[in-house]
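In my numbering, the protein residues as written are 21 to 148. Each residue gets a CB set at the ideal place from its N, CA and C atoms; glycine is no exception. All values derive from a computational prediction rather than experimental measurement. Take a look at the structure below.
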Amino acid sequence: MTKIKRIMVEGQLEPVSHYCHVVRAANHIWVSGAVGVRSDGSVSDDVVEQFQVAIENIDAALKAAGGAARHVVKVVVYLTDVGDRQKINPIRQTYFGEHRPASTLVEVSALVMPELKVEIEAEAFVAD
């Protein structure tokens with residue numbers, strides 16, 4: 021039977037509901053929606069800064085579960101303004117590099133905190 025590991029990542033926003041930051045089962049990793057809240061609880065007004073912090077939170081969750089950007093097979097990005105895609109895309113390209121995951125981008129009316137503009141979730145497969 022595959023052991024399921026549920027991980028809370030130090031320095032990340034405490035879950036606002038009943039979940040953990042990342043789950044690993046065998047070679048599969050699921051990262052809960054990461055937002056741009058810094059470890060001190062502050063949130064930038066800038067979507068680019070929020071996206072950078074959210075990517076850093078995704079990266080920390082992946083590492084906590086034994087993964088890395090190269091293992092990500094699927095991302096879902098939620099934006100409160102889909103027009104911000106062009107602003108955040110350079111950070112995304114730098115983070116994933118040649119490892120392009122499958123992806124979905126969705127505009128939403130709101131996120132869990134009113135000041136949030138972006139949320140990212142990721143799925144990874146660790147085969148190496």
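Can you tell me where the alpha helix (DSSP H) holding residue i begins and where it ends?
{"i": "Tyr115", "result": "105-116"}
{"i": "Lys83", "result": "67-84"}
Leaving aside the five residues before and after residue i along the sequence, list all residues of the same chain whose C-beta is less than 6 Å from its C-beta, in chain order.
{"i": "Val153", "result": "Any property of residue 153 remains undetermined from this structure, which presents the chain solely from 21 to 148."}
{"i": "Lys23", "result": "none"}
{"i": "Tyr39", "result": "Ser52"}
{"i": "Val96", "result": "Thr124, Glu141"}
{"i": "Ala46", "result": "Thr22"}
With a 10 Å radius around its C-beta and 16 neighbouring C-beta atoms as the bar for buried, classify residue i as buried or exposed.
{"i": "Thr61", "result": "A small fix is needed here, since residue 61 is Gly in this sequence, not Thr. Gly61 comes out exposed."}
{"i": "Asp65", "result": "exposed"}
{"i": "Ala84", "result": "buried"}
{"i": "Asn109", "result": "exposed"}
{"i": "Arg44", "result": "buried"}
{"i": "Asp104", "result": "buried"}
{"i": "Gly53", "result": "buried"}
{"i": "Val42", "result": "buried"}
{"i": "Val138", "result": "buried"}
{"i": "Gly56", "result": "buried"}
So, at 7 Å on beta carbons, what are the nonlocal neighbours of residue i in its own chain, with the 5 sequence-adjacent residues on each side left out?
{"i": "Arg58", "result": "Val73"}
{"i": "Gly87", "result": "Ile49, Ala144, Val146"}
Can you find the residues in the same chain that come closer than 8 Å, C-beta to C-beta, to residue i, ignoring five residues on each side of it along the sequence?
{"i": "Ala89", "result": "Asp79, Leu82, Tyr115, Phe116, Gly117, His119"}
What first and last residue would you give for the beta strand (DSSP E) that runs through residue i?
{"i": "Ser123", "result": "122-127"}
{"i": "Gly53", "result": "48-55"}
Would you please state the rounded distance, in angstroms, between the beta carbons of residue i and residue j? I believe it to be under 8 Å.
{"i": "Val128", "j": "Tyr98", "result": "5 Å"}
{"i": "Leu136", "j": "Val29", "result": "Leu136 to Val29, Cβ: 18 Å. No contact."}
Cβ-heavy atom distance between residue i and the ligand ATP below 7 Å?
{"i": "Thr22", "result": "This structure simply doesn't include the ligand ATP, nor any ligand for that matter."}
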